[in-house]
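Taken in order, these protein sequences are the chains called A and B. Just so we're aligned, residue 1 is where the first sequence starts under this note's numbering, counting upward by one. Just so we're aligned, residue 1001 is where the second sequence starts under this note's numbering, counting upward by one. Structure first, then comments.
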Amino acid sequence: MFRPEHSVILGIGELKPSLDVKGQISLDLLARAAVLAIQDAGLDKGDIDGLLVCPPSEDSYFLWPSQVAEYLQLSPTFMNMVELGGASAAGCIARASLMVAAGLCRYCLCLSGGIWDPQVFNTREGKTAVMSQAEIDYELPYGPMGFNSGYAMIARRHMHEYGTTAEQLAKIAVDQRTNALANPDALFNRQPLSIQQVLDSPIVVDPLHLLEIVRPCSGAAAVIVGNKGPHRAPAHTPVILRGFGEAYTHNSIAYAPSLTTSAIKAAGERAFRMAQLTVKDIDLVSLYDCYTITVLISLEDLGFCHKGEGGRFVERTDLTYKGNLPCNTHGGQLSFGQPSFAGGMSHVIEAVRQLRGEAGQRQVSNNRRALVNGNGGTMSTQCCLILERG
Amino acid sequence: MTDYQQTYWEHIEEGSLWLQYCSHCQRYVFYPRRHCPYCPRENLEWRQTSGQGRVHSYTLVRVSALPEFKDLVPYIYALVDLVEGIRIPTNIIECAVDQVRVDMPVTLATIKREGRALPVFKPFQKQN
Ligand SMILES: [Zn+2]
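Right, here's the structure in full:
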């Protein structure tokens, strides 16, 4: 029978996010991240026999896994592209564990990232490229601003139903900036942030302010999943996958069963059931943070507080690496950056660093178990992972 | 264009909002499609809606990256819950941006944009 804990994360590699990567293509970045992860795992490139890739933003998707395999001269026995939007990275880890457990491969390389093309969301062509036909036909004529509009309406509805305030949402960005100040690789790690500064930043799509919205950039990240068991050079504490769970409810927010309760609830329940653990067993979290409201709803849906109490919960909870529920200790996508389409791999990698005890200045003291959530679309496609120090 | 897309837009051109209805599930369906997504039978029937609903949520667009919306800002992009149990993406018109509210009652209107009719909603007032 499949047990997720038979899979371990053996290697991680991550490039510093960047806004200027002239003269490079996505494959250049992915290859550099892959090399770092292979070294980190104490493996040789020839050991890699499984490959899972997230889609790139500016390059052709066409046969992307084989484009990557060719560039790196890998000969995987099993490979695929995982397209779950922001849940792709977490989805890769879940699928890699299945591949390893099934004996399809011994070492699966999971890759995410690439060059960010700022035209993706800023032109009609760019917008329609990431929209479904239903969105193009029945939403685009009304002038939505891509994902921003969907999340803005989620935030507005949450404020209406539960009295959540702009100040409470801003607190999430503030705590994550505090985390980023302790991360030399973060895109925004020089200036601390105050709640007032978040509220004073321009309202991009009401009620969301500029500093509550993810900053896309270029970058890449790699994770190697292998079998538990003796390895040639266990350079690091292995990190065990205790459980995962996925859930899906809709594509466009217009067709969501609820704007304020998401598929994260079902994904989290499935992950906890597989892990035979509860929310009380979790020491730190890495929650996909395309917007502040995403983190708030994730905390509610995962059971860290009751539905509707997210605002008051983040107000009284220190979400920094020094606090009682460390959240996105690398700074999250809001301050670390969101490399390419889906920055979700940075959430996985930060959880692994914390569980290994390799997070440096921002190391948390309680680091036995971490929950990672990847969120795709407008809170529609979810993958939740529960990781444990081996 | 598919036959069901054509039917939808033809009714809009005439100023009314018709949606598909599954008599087996006794539910309306949006967006138009071949199959009822619930049962999932074909042969959905068309029914005219009341055009009455409430704002489920909204956002204000102050800067639009879309060229055809540059002169329309600020505008209200919203989800409206029709009394028929359907949620539809739309704009709220004839409403100042600081007047729109969640749960506000709205009623159907149509506008011309890019040479074709679009269903939008305006604040419901008893006299209309
Ligand atoms: Zn039906």
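Ideal placement from N, C-alpha and C gives every residue a C-beta, glycine not left out.
- Contact check for B:T1059 against A:S149 passes: the beta carbons are separated by less than 8 Å.
- Beta-bridge partners of B:V1029 (DSSP): B:Q1020.
- The segment 288-301 of chain A and the segment 330-347 of chain A touch, with three or more beta-carbon pairs separated by less than 8 Å.
- Against chain B, a Cβ distance below 7 Å from A:Y142 picks out Y1077, P1089, T1090 and N1091.
- Listed by position along chain A, the residues whose Cβ is nearer than 9 Å to that of B:Q1005 are D137.
- Rounded to whole angstroms, the gap between the alpha carbons of B:R1041 and B:H1024 is 8 Å.
- Beta-bridge partners of A:L387 (DSSP): A:L241 and A:A370.
- Around the beta carbon of A:F147, 16 or more other beta carbons sit within 10 angstroms, so the residue counts as buried.
- Between the segment 368-376 of chain A and the segment 47-58 of chain A there are fewer than three inter-stretch CB-CB distances shorter than 8 Å, so the stretches are not counted as touching.
- Annotated three-state conformation of A:F78 is strand, per DSSP.
- For B:P1119, the enclosing beta strand (DSSP E) starts and ends at R1116 to P1123.
- Of all C-beta pairs linking the segment 313-331 of chain A to the segment 169-186 of chain A, three or more are shorter than 8 Å, placing the two stretches in contact.
- A:C92 carries a helical assignment under DSSP once its states are collapsed to helix, strand and coil.
- For A:Y138, the enclosing alpha helix (DSSP H) stretches over residues Q133 to Y138.
- Using a Cβ distance threshold of 8 Å, A:Y138 and B:Y1031 count as a contacting pair.
- A residue is listed when its beta-carbon falls short of 6 Å from at least one non-hydrogen atom of ligand 1; in chain order these are B:C1022, B:H1024, B:C1025, B:C1036, B:Y1038, B:C1039 and B:R1041.
- DSSP places A:V35 in the helix class (H, G or I) of the three-state scheme.
- Judged by DSSP in its simplified three-state form, A:S26 adopts helix.
- Chain-order list of chain A residues neighbouring B:A1117: empty, with the shortest C-beta distance near 10 Å, by a criterion of under 8 Å.
- In this chain, A:K45 is not harboured by any alpha helix (DSSP H), its DSSP state being neither H nor E.
- For the segment 1101-1114 of chain B, the set of residues with a beta-carbon nearer than 9 Å to any beta-carbon of chain A comprises R1101, V1102, D1103, R1113 and E1114, in chain order.
- Nearest in C-alpha terms to A:R32, of all of A:A41, A:P65, A:L72 and A:L140, is A:L72.
- Contact check for A:P65 against A:G243 fails: the beta carbons are separated by 8 Å or more.
- A:G143 counts as buried, since at least 16 other C-beta atoms from the protein chains shown sit within 10 angstroms of its C-beta.
- Apart from sequence neighbours up to five positions away, the residues of its chain that approach A:A152 with a beta-carbon distance below 7 Å are V205, D206, P207 and L208, ordered along the chain.
- Here B:D1081 is bridged, per DSSP, to B:R1054 and B:R1087.
- Against chain B, a Cβ distance below 8 Å from A:S335 picks out nothing, because the smallest value is about 23 Å.
- 8 Å or more divides the Cβ of B:I1092 from the Cβ of B:F1069.
- Secondary structure at B:R1041: coil, using DSSP grouped into helix, strand and coil.
- Neighbours of A:M153 in chain B, taken as residues whose beta carbon is under 9 Å from its own, are H1056, S1057, Y1058, T1059, Y1077, A1078 and L1079 in chain order.
- Scanning its chain for C-beta atoms nearer than 7 Å, with the 5 sequence neighbours on each side dropped, one finds around B:Q1048 the residues S1016 and W1018, in chain order.
- Within the segment 206-236 of chain A, D206 place their CB atoms closer than 7 Å to a CB of chain B, listed in sequence order.
- Per DSSP, the unbroken beta strand (DSSP E) holding A:G11 starts and ends at S7 to E14.
- B:F1069 reaches chain A at G143, counting residues in chain order whose Cβ is nearer than 7 Å.
- Taking one beta carbon from each stretch, the segment 255-274 of chain A and the segment 300-308 of chain A have 3 or more pairs nearer than 8 Å; the two touch.
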